[in-house]
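Undergrad:
Residue numbers (this note's numbering): 43 to 109.
Below, the structure written as structure tokens:
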């Protein structure tokens, strides 16, 4: 069975991977060399806000993990 710290670390790493993935997708949508459809780039532009939300929750998990 996992301890609470290990579970929170796994949750934090999962959030970090998700946020990095969305951040990469957002910058790929800004690239002029890649052509996306309008709906896909619309989704990616809104994923930037999701990235900020995930970073905020990741910081909360860091605070709870270390303090």
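All C-beta atoms, glycine included, are put in the ideal place defined by N, C-alpha and C.
Given residue 93, which residues of its chain have a CB within under 7 Å of its CB, disregarding the five upstream and five downstream residues?
TA: For this step, residue 93 is matched to residue 51 along the chain shown. Cβ within range, chain order: 61, 64, 65 and 68.
Undergrad: Measure the alpha-carbon distance for residue 99 versus residue 59 and round it to whole angstroms.
TA: Residue 99 sits at position 57 when you count from the first residue of the chain shown. Residue 59 sits at position 17 when you count from the first residue of the chain shown. Whole-angstrom Cα-Cα distance: 13 Å.
Undergrad: Taking 8 Å as the CB-CB limit, is residue 58 close to chain D?
TA: In summary, chain D is missing from the structure at hand, where a single protein chain is found.
Undergrad: With a CB to CB cut of under 8 Å and the five nearest residues on each side skipped, what residues in its chain are close to residue 43?
TA: Indexing the chain shown from 1 puts residue 43 at position 1. At residue 43 the pLDDT is 46, less than 50, meaning the model places this residue with poor confidence; the figure from the coordinates comes in the next sentence. For residue 43, where only same-chain residues beyond five positions count, there are no Cβ hits under 8 Å.
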